[in-house]
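Going by our numbering, 290 is the number at position 235 of the sequence shown; the sequence numbering is gapless.
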Amino acid sequence: MMQQNVAVSDTKSRIKRYNRRVSKNLEINGEQRINSLVDSMRASSPTHAKSSNSLAEEQYTSWIVRKPFLIIINYSIFVQIVVDMKLIYIYIYICSFVKQLRHPSALDMFEQIVDASQGKQIVMFLDYDGTLSPIVNDPDRAFMSHSMRKTVRKLAKCFPTAIVTGRSIDKVYNFVRLTELYYAGSHGMDIKGPSKSFKFNKDKKSEEVLFQPANSEFIPMIAEVYQKLVEKTKSIAGAMVENNKFCASVHFRCVDEKKWSELAQKVRSVLKEYPRLHLTQGRKVLEIRPTIKWDKGMALQFLLESFGFANSTDVFPIYIGDDKTDEDAFKKLIDRGQGIGILVSKFPKDTSASYSLKEPNEASIIS
Numbered sequence: 056m057m058q059q060n061v062a063v064s065d066t067k068s069r070i071k072r073y074n075r076r077v078s079k080n081l082e083i084n085g086e087q088r089i090n091s092l093v094d095s096m097r098a099s100s101p102t103h104a105k106s107s108n109s110l111a112e113e114q115y116t117s118w119i120v121r122k123p124f125l126i127i128i129n130y131s132i133f134v135q136i137v138v139d140m141k142l143i144y145i146y147i148y149i150c151s152f153v154k155q156l157r158h159p160s161a162l163d164m165f166e167q168i169v170d171a172s173q174g175k176q177i178v179m180f181l182d183y184d185g186t187l188s189p190i191v192n193d194p195d196r197a198f199m200s201h202s203m204r205k206t207v208r209k210l211a212k213c214f215p216t217a218i219v220t221g222r223s224i225d226k227v228y229n230f231v232r233l234t235e236l237y238y239a240g241s242h243g244m245d246i247k248g249p250s251k252s253f254k255f256n257k258d259k260k261s262e263e264v265l266f267q268p269a270n271s272e273f274i275p276m277i278a279e280v281y282q283k284l285v286e287k288t289k290s291i292a293g294a295m296v297e298n299n300k301f302c303a304s305v306h307f308r309c310v311d312e313k314k315w316s317e318l319a320q321k322v323r324s325v326l327k328e329y330p331r332l333h334l335t336q337g338r339k340v341l342e343i344r345p346t347i348k349w350d351k352g353m354a355l356q357f358l359l360e361s362f363g364f365a366n367s368t369d370v371f372p373i374y375i376g377d378d379k380t381d382e383d384a385f386k387k388l389i390d391r392g393q394g395i396g397i398l399v400s401k402f403p404k405d406t407s408a409s410y411s412l413k414e415p416n417e418a419s420i421i422s
């Protein structure tokens, strides 16, 4: 009887040790996923890259604050700062030079782009935030300028033109207010076009394009996720949650970087309740959206087919965007072997785009 009790006790002890190991492994894996997400958030935040002037100023100011009475005595430190400043200038110059080699300015190459498009139907695809409007702290105030609106309107009179954005169609339309455009909202999961007949459509269809690759049942699901995210993140200063119909967006542009890990954990905690949704990331934004095979590149392909250019060799698509999510569209153009992608960015990035622009104002010029 004593031996039986000992055996039972040993078994229970082994089970407890096993449970502790499993629990610890789950905790470690969860922490690794959060750390990986935070690293990704940091890597996709180009605004962290500072100009050479601001970097030099930060170093100088920081040194002065720490050493207010040693400016003359610590000459070696001063020399080191000067050296660091020179290295920063050299680094910025090299990055800019490499970027120009790999992704030359679309403005500098404008004549070559025009030559490549000769005899072909140009089709314009434009991201909104960071392309037609400047990046701002409050996503509800990302207004486009009057001159940009005029430019886009002129484009639409000459070429089929679509805005492809992570925003909901209703929200981006409130910013743009042009009825002659095609709109692909929620990263292309909600697509519609002008209700009137479209003169560029080779199939001569007069019906408005309307397509939602994600099932409509996702709309109330995303609305529910949105409410939970609002509640979960309200304690984190600067966090803003946006309902974009087929995706819920958590903006962390105004969140202290020390709070990013906590924010990522809260977003993950909501996501785990919805196995049919997954987490993606853009420029200073985390997004929860349906787990379906659809992105901006597939939206571009769908629209080209809608215009009657499915297998056409005389089409020249141009896609201008600034975000990580626009890379799918750049890659789609490469796969088709047609048109060009143009990245809007002040800083060098790995991209599948052919050309680059520094800011939205330049996008207005090229258009």
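Positions of the beta carbon are idealized from the N, C-alpha and C atoms, including for glycine.
From a predicted model like this one, the values you see are computed outputs, not experimental measurements.
Secondary structure at SER202: helix, using DSSP grouped into helix, strand and coil. Around the beta carbon of ALA319, a 10 Å sphere encloses 16 or more other beta carbons of the protein chains shown; the residue is thus reported as buried.
About 6 Å separates the CB atoms of ARG222 and ASN299; that is less than 8 Å, so the two are in contact. Put simply, the backbone Cα of VAL231 is about 27 Å away from that of LYS175. In the DSSP secondary-structure assignment, PRO345 is bridged to LEU332. Distance check between VAL169 and each of ILE373, ALA294, LYS314 places ILE373 closest, using alpha-carbon atoms only. Proximity of the segment 393 to 400 to the segment 355 to 371 meets the contact definition, three or more beta-carbon pairs being nearer than 8 Å. Comparing alpha carbon positions, the residue from ALA365, ARG338, THR288 closest to ALA98 is ARG338. Relative to the Cα of ARG208, the nearest Cα in the group LYS226, TYR237, VAL191 belongs to TYR237. The alpha-carbon of ILE389 is positioned some 34 Å away from that of ARG196.
For GLY352, the enclosing alpha helix (DSSP H) has its first and last residue at 351 to 361.
Bounds of the alpha helix (DSSP H) holding TYR281 are 273 to 288. For THR406, the three-state secondary structure derived from DSSP is coil.
By the criterion of at least three beta-carbon pairs nearer than 8 Å, the segment 357 to 367 is not in contact with the segment 270 to 279. The beta-bridge partner set that DSSP reports for MET295 consists of HIS306. Looking only at PHE402, PHE362, GLU279, the smallest Cα-Cα distance to LEU265 is reached by PHE362. Separation of the CB atoms of LEU332 and THR346 is rounded to 6 Å, and the pair is thereby assigned contact status at 8 Å. DSSP links SER188 through a beta bridge to ASP184. Residue state for MET179 is assigned as strand, using DSSP reduced to three classes.
Residues LEU398 of the same chain have their beta carbon placed closer than 6 Å to that of THR406, with the five preceding and five following residues left out of the count. Here ALA303 is near ILE343, since their CB atoms are less than 8 Å apart. Here the alpha carbons of PHE165 and SER188 stand approximately 22 Å from one another. Among the bridge pairs identified by DSSP, SER160 is matched with SER411. Around the beta carbon of SER202, fewer than 16 other beta carbons lie within 10 angstroms, which makes this residue exposed. By alpha-carbon distance to GLY293, the top candidate from ALA408, LYS283, VAL285, ARG308 is ARG308. Nearest to THR288 by alpha-carbon distance, out of MET276, ARG323, ILE277, ALA384, is ARG323.
Restricting attention to PHE301, PHE180, LEU162, ILE177, the CA atom closest to the CA of ASP225 is found in PHE301.
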